[in-house]
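Below is one structure, written out as structure tokens; comments come after it.
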Amino acid sequence: MKITLKVWRQKNNAAKGQFETYKLDHVSEDMSFLEMFDVLNEQLINEGKEPVVFDHDCREGICGSCSMYINGRPHGPKNAVTTCQLHMRSFKDGDIIVVEPWRAAAFPVLKDLSVDRSSFDRIMSAGGFVSVNTGNAQDANNLPIGKEIADEAFSSAACIGCGACVAACKNASAMLFVSAKVSQLALLPQGQPEARKRVLAMVNQMDAEGFGACTNTGACSAECPKEISLSNIARMNREYLSAGIIAE
Amino acid sequence: MSNILDSKIPEGPIDQKWTKYKSSVALVNPANKRSIEIIVVGTGLAGASAAATLAEMGYKVKAFCFQDSPRRAHSIAAQGGINAAKNYQNDGDSVFRLFYDTIKGGDYRAREGNVHRLAEVSSSIIDQCVAQGVPFAREYGGMLSNRSFGGTQVQRTFYAAGQTGQQLLLGAYSALQRQVGMGNVTMHTRHEMMDVVTIDGKARGIIARDLVSGKLERHFGHAVVLATGGYGNVFFLSTNAMGSNVTAAWKAHKKGAFFGNPCFTQIHPTCIPVSGDHQSKLTLMSESLRNDGRIWVPARKEDAEAVRAGKLKPNDITEENRDYYLERRYPAFGNLVPRDVASRAAKERCDAGFGVNKTGQAVYLDYAAAIERYGKIEATKKNLNNPDKATLIVLGKAVVKEKYGNLFDMYEQITGVNPYNEPMQIYPAVHYTMGGLWVDYNLMTTVPGLYAIGEANFSDHGANRLGASALMQGLADGYFVLPYTIGAYLSTDIRTKAIPTDHEAFVEAENKVKAVIDHLINVKGTKSVDYFHKILGKIIWNECGMSRNAEALKKAISDVQALRAEFWSSVRVPGTADEFNTELEKAGRVADFLELGELMCKDALERNESCGGHFREEYQTEEGEALRDDENFSFVSAWELTGDNQWNLHKEELKYENIKIAARSYK
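The listed protein sequences derive, respectively, from chains A and B. Position 240 of the first sequence, counted from 1, bears residue number 239 in numbering that gives the first Met the number 0, the numbering being contiguous throughout. Position 550 of the second sequence, counted from 1, bears residue number 549 in numbering that gives the first Met the number 0, the numbering being contiguous throughout.
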């Protein structure tokens, strides 16, 4: 296939960015989207130009590194798929594809398509954990957890922290990401002792990082490659509300 | 045989060594811990768990990862599960059985003392992870669920759908971030370790490169812990992440740390086959699929040819014309033989002309029988009498979806084929490296104060790792072993004050790193880094992959040497050293792979026997099984770098006092 790419190029955080157009003549439909970028970069290097910088690592849809905003959608046109698992058979010969980085004040661009998502780590540091030091645990089966609860906690925990929810949101809100972690631990008995403190601390940090407010449009969940449910946000709102009322 | 290798295995009966060690090892008092700094490089299961635990204990920890967040380390991609000798299934499991299975699975090339310790702490890992909120799979009664994995006859594998590595890493990451938030760990993301700094023979810090600014940084530590994973990417195509590399371990090797068993690499039997030249990596389909799937190729060559030509579909091949070759060759373990055995058997069938994709390099993994079997069970649960086959299939598919849904979806995404309706195609691919930095019982390398944990060391898996044991080892090392053993060293170091990083050793190390980077930038050649990496990968895959022979290995060594020379004279690294430069990152890593590749071949050439993942064609039984030579090769190879690509081999003899060494049979 022949593909035309319009790719956001930006030297560094301080520089002004712009779109560059590249043409690829021999794209195979078996290639992943990132393998097409490998081909583009090989071409650029051979032409003596600088390759496009983009984040990627596992290329199996689980590490959450890849983060391309493709034709106006995070991770591209297919549902429930990360950029690395998107294959060129989802496009057709002659397509023009526009590729941008995640756009959000809390995710500053580092270079080209790579952004700084360390704000997510700081939110996790604020409360996304159970305070249990190594060596403090009782026997695992002493704490029976019903299968339905365990499964629901798992589906919240399946978040890969890629930030597509933020990129999809018109307000650049991080509510889906934060609520997935709050939900996982709110559902499980292990998370109970710190539940109130956790939700307040994580939401405060989220606000401090400059993420926008949630207006319940649901774009985050619709674009989430792991299909994290919107009900997590509802659960977090309930947790937050009750924590605010009960807290001294 | 040299005597400089001291494994420091404690004396005493096998089941008391670790207990006694723990109660007698020197401790560091809390006040002293506060002034001791530890560097941890890598934040996968081993690194994140170690950094978190050391910080909980009161040490000052600096952690480093090249990814943009510690949560992205490649442990995240582990699918199937984690072993533990809990015996929750009441099927006769015990610490000794896990110990025995691991030693046997490793083809009698691992240390008894280390492996027994691993089996002992395995239970605590599950307890710790559950306490952190890791959502393992559970039964309706609320108890933890288990499944079976290759090389064992008990169900001891704990799992979270097909995303066990992700859930365990997020658990360790949450513990780590908690310590970051408390100020006990300083986290340096997007940093790559470029060298180990040694002072008076001891590891005292590292040189790191900030990958965004390109700036070189000096960091002091009383001890340095490498948790930097394996070197499978030397093959270019592997199931490793794109960034996985050997650089930290290799720099340590160049600073005096011996490299153990470099030729022991694991080729995983169930990966999605290669589709074309553009391919950048291979994708694993979890070994847990072998629980329920049946592996086969056509029994008749003409059928295989018709399948390859696209004239015959697998579902049209009748039962009697299928060759379930694992069940045929290994009736006792069937589809659950260990990985090395399953991989070689697939290669054997494909080499004999029975492979099933365009390239002839694939076999089938079939779920039809499992879907029907689960359908029947569900029908019974629902009190359906004499359901028709279509109903059974609908019911069965739902069960399979629940167990393996994400894997099946991933398969369809990559191949465009629906695996619920048609057998999957699989082929072996490089997955894990049992070899790594040589460490003693304390997990310390031959450089005092320099530790290696997780896949980065060579210690527990011998010549072949069993499924669901990598997660176990990574977390065992990080949560429960290193935090104790490092005290033995640090307790003697409490008087050492932090060494200022303007010390000449830091200056010299930084200058050397800078010189190498400048060299790479200034070659200004004509070929990209990937060009060299792909050629290197093909050499190692063809000559030092699933089967090896002396002649090919000798040729591979000279080929790698020639390629290395060409790399340094004609690689093209665009851009500059003082910016975010991903090609420069890759160039540094491939430069190290080009040296490691030679050592792997050398090690494979030296080991004149077949064991585990190391199959030398000259040494096999009449039935084509691996032929070990315990009399001459029951040792760990520990390679010492003596000059530019010059090595000395040291041998650590392996003693088996608790397990009767035998031919490894799964028949």
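Cβ atoms here follow ideal geometry from the backbone N, Cα and C, with glycine treated the same way. Computed from a predicted model, the values in this text were never measured in an experiment.
I want to see whether chain B comes within less than 8 Å of residue i, judged by CB atoms only; does it?
| i | result |
| --- | --- |
| A/His86 | yes |
| A/Leu4 | no |
| A/Phe153 | yes |
| A/Gln137 | yes |
| A/Glu34 | yes |
| A/Val181 | no |
| A/Asp206 | no |
| A/Asp24 | no |
| A/Ser199 | The amino acid occupying residue 199 of chain A in the given sequence is Leu; Ser does not appear at that position. No - not a single Cβ of chain B is within 8 Å of the one on A/Leu199. |
| A/Asp37 | yes |
| A/Ala103 | no |
| A/Val129 | yes |
Does chain A have any CB closer than 8 Å to the CB of residue i?
| i | result |
| --- | --- |
| B/Ala369 | no |
| B/Gly132 | yes |
| B/Ser287 | no |
| B/Ser68 | yes |
| B/Thr188 | yes |
| B/Gly415 | yes |
| B/Gln619 | no |
So which residues of chain B does residue i contact, with C-beta pairs closer than 7 Å?
| i | result |
| --- | --- |
| A/Met30 | His277 |
| A/Phe176 | Within chain B, no residue comes near A/Phe176; the closest Cβ sits about 12 Å away, beyond 7 Å. |
| A/Pro143 | Gly140, Gly141 and Met142 |
| A/Asp120 | Ser68 and Gln176 |
| A/Val52 | Phe579 and Thr581 |
| A/Asn132 | Glu55 |
Can you list, in chain order, the residues of its chain whose CB lies under 8 Å from that of residue i, leaving out five sequence neighbours each side?
| i | result |
| --- | --- |
| B/Pro9 | Lys16, Trp17, Lys19, Tyr20, Gly112 and Tyr440 |
| B/Asp577 | Ser212, Gly213 and Lys214 |
| A/Arg8 | Gly16, Gln17, Phe18, Glu19, Val51 and Asp111 |
| B/Glu594 | Trp249, Arg563 and Asn644 |
| A/Gly71 | Val97 |
Which same chain residues, not among the five before or five after residue i, have their C-beta less than 6 Å away from its C-beta?
| i | result |
| --- | --- |
| B/Asn647 | Glu639 and Thr641 |
| A/Met235 | Ser178 and Val181 |
| B/Val572 | Leu519, Ile520, Glu582, Leu583 and Ala586 |
| B/Phe135 | Leu143, Phe157 and Ala159 |
| B/Met0 | With a pLDDT of 41 at B/Met0, under the threshold of 50, the predicted position of this residue should be treated as unreliable, though the coordinate-derived value follows. Counting only Cβ-Cβ distances below 6 Å, and skipping sequence neighbours, we find Lys650. |
| A/Pro107 | Asn12 and Asp115 |
| A/Val26 | Met0, Ile2, Met35 and Met87 |
Am I right that residue i and residue j are in contact with their C-beta atoms under 8 Å? What's the rounded C-beta distance?
| i | j | result |
| --- | --- | --- |
| A/Asn135 | B/Ala130 | 7 Å |
| B/Ile425 | B/Ala361 | 7 Å |
| B/Lys61 | B/Ile38 | 5 Å |
| B/Leu449 | B/Ala251 | 6 Å |
Please list the partners that residue i has in chain B, where partner means a Cβ-to-Cβ separation under 8 Å.
| i | result |
| --- | --- |
| A/Leu109 | Val211 and Phe579 |
| A/Ile44 | Ser527, Arg571, Pro573 and Glu582 |
| A/Leu112 | Per Cβ cutoff of 8 Å: no residues; A/Leu112 is ~11 Å from chain B at best. |
| A/Ser117 | Asp67, Ser68 and Thr188 |
| A/Met0 | Going along chain B, no residue has its Cβ under 8 Å from A/Met0, so there is no contact; the nearest lies around 12 Å. |
Give the interface partners of residue i over in chain A, defined as CB-CB distance under 7 Å, in chain order.
| i | result |
| --- | --- |
| B/Arg71 | Asp56, Cys62, Gly63 and Ser64 |
| B/Ile75 | Cys57, Ile61 and Cys62 |
| B/Lys280 | Arg58 |
| B/Gly611 | The contacting residues do not exist; B/Gly611 stays about 26 Å from chain A at best. |
| B/Gln645 | Within chain A, no residue comes near B/Gln645; the closest Cβ sits about 33 Å away, beyond 7 Å. |
| B/Ser274 | Asp29 |
| B/Tyr478 | Thr133 |
For residue i, which residues of its own chain have a beta-carbon under 7 Å away from its beta-carbon, when the five flanking residues on both sides are left out?
| i | result |
| --- | --- |
| A/Pro50 | Asn40, Leu43 and Ile44 |
| A/Lys196 | Gly126 |
| B/Arg321 | Trp295, Pro297 and Ala298 |
Whose Cβ in chain B lies nearer than 9 Å to the Cβ of residue i?
| i | result |
| --- | --- |
| A/Lys146 | Ala136, Arg137, Glu138, Tyr139, Gly140, Gly141 and Ser144 |
Which residues in chain A have a C-beta closer than 8 Å to the C-beta of residue i? List them in chain order.
| i | result |
| --- | --- |
| B/Tyr715 | Past the boundaries of the shown model lies residue 715 of chain B; chain B is included only from 0 to 666, so the question cannot be answered. |
Checklist entry - Of all the residues that make up the region 65-84 of chain A, which are near chain B by a beta-carbon distance shorter than 7 Å? => result Of all residues in the region 65-84 of chain A, only Val80 and Gln84 place a beta-carbon less than 7 Å from a beta-carbon of chain B.
Next on the checklist: Beta carbons nearer than 7 Å to chain A: which residues of the region 160-183 of chain B have them?
Outcome noted: Those residues of the region 160-183 of chain B placed with their C-beta closer than 7 Å to a C-beta in chain A are Ala160, Gln162, Gln165, Gln166, Leu169, Ser173, Ala174, Gln176, Arg177, Val179 and Gly180, ordered along the chain.
Item to check | Residues in the region 106-137 of chain B having any Cβ partner in chain A nearer than 9 Å | outcome: Listed in sequence order: Ser122, Ser123, Ile125, Asp126, Gln127, Cys128, Val129, Ala130, Gln131, Gly132, Val133, Pro134, Phe135, Ala136 and Arg137.
Item to check | Under 8 Å (Cβ pairs) to chain A, residues found in the region 46-62 of chain B | outcome: Within the region 46-62 of chain B, the residues whose Cβ lies closer than 8 Å to some Cβ of chain A are Ser48, Ala51, Thr52 and Glu55, listed in chain order.
Checklist entry - Got a sec: which bits of the region 233-261 of chain B sit with their beta carbon under 9 Å from any beta carbon on chain A, in order along the chain? => result Among the residues of the region 233-261 of chain B, those with a Cβ less than 9 Å away from any Cβ of chain A are Thr238, Asn239, Ala240, Met241, Gly242 and Ser243, in the order of the chain.
Next on the checklist: What are the residues in the region 376-409 of chain B lying within 7 Å of chain A by C-beta distance?
Outcome noted: So the close ones are Met409.
Checklist entry - Taking any Cβ of chain B, which residues in the region 220-238 of chain A have a Cβ under 8 Å from it, in chain order? => result Residues of the region 220-238 of chain A whose Cβ lies closer than 8 Å to any Cβ of chain B: none.
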